[in-house]
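Asks: Pasting in a structure now, in structure tokens, and then I'll have a few things to ask.
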Amino acid sequence: VQLQASGGGLVQAGGSLKLSCAAFGNIFNIARMGWYRQAPGKQRELVATITRGGSTVYEDSVKGRFTISRDNAKNTVYLQMNSLKPEDTAVYYCNALTTMVHDYWGQGTQVTVSS
């Protein structure tokens, strides 16, 4: 499985960005896709995940502001980020978890929110 992420950038606080992650390769074994982020000096943390059936999980600080969605026909997962805060600044990584419990990661995309 290969993951190609895009959509990061620089935005002012209160603004919006949308991240996309397309999956290629042996996609039929993907059970769940999601986004993680890692800020400087911090550990990588879960942001949001979505299963093939559409069940979602969100990290508490992004609930109500971020929305994860999935287009199974395009093998793509999206993360719509609204009301962005400076503390959302991080490198965002796309993740795919297979039914064999193998993790795959995208290359990371920088999101910077200025105050």
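Just add 962 to the spot in the sequence shown (first one is 1) and you have our numbering. We put the beta carbon where it would ideally sit given N, CA and C, even for glycine.
#1: Under a three-way DSSP split, which group does N1057 fall into?
#2: Per DSSP, which one or two residues make a beta bridge with D1033?
#3: Take V1053 as the anchor and find which of A985, A975, L1008 and F986 has the nearest alpha-carbon.
#4: N1037: which of L979, I1012, V1024 and S1076 sits nearest, CA to CA?
#5: Please tell me whether L1041 and L981 are closer than 8 Å, where the distance is taken between their beta carbons.
Replies: Checking against the coordinates, here is how it stands:
#1: What you label residue 1057 is simply residue 95 of the sequence shown in a count that begins at 1. Looking at N1057 - three-state DSSP - the assignment turns out to be strand.
#2: Stepping through the sequence shown from its first residue, residue 1033 is reached at position 71. The beta-bridge partner set that DSSP reports for D1033 consists of T1038.
#3: Within the sequence shown, residue 1053 is the residue found at index 91, counting from 1. Ranking the options by Cα distance to V1053, first place goes to L1008.
#4: Taking the first residue of the sequence shown as 1, we reach residue 1037 at position 75. For N1037, the nearest C-alpha among the options comes from I1012.
#5: Within the sequence shown, the letter at position 79 stands for residue 1041. Within the sequence shown, the letter at position 19 stands for residue 981. Yes, the pair counts as a contact, with Cβ atoms nearer than the cut-off.
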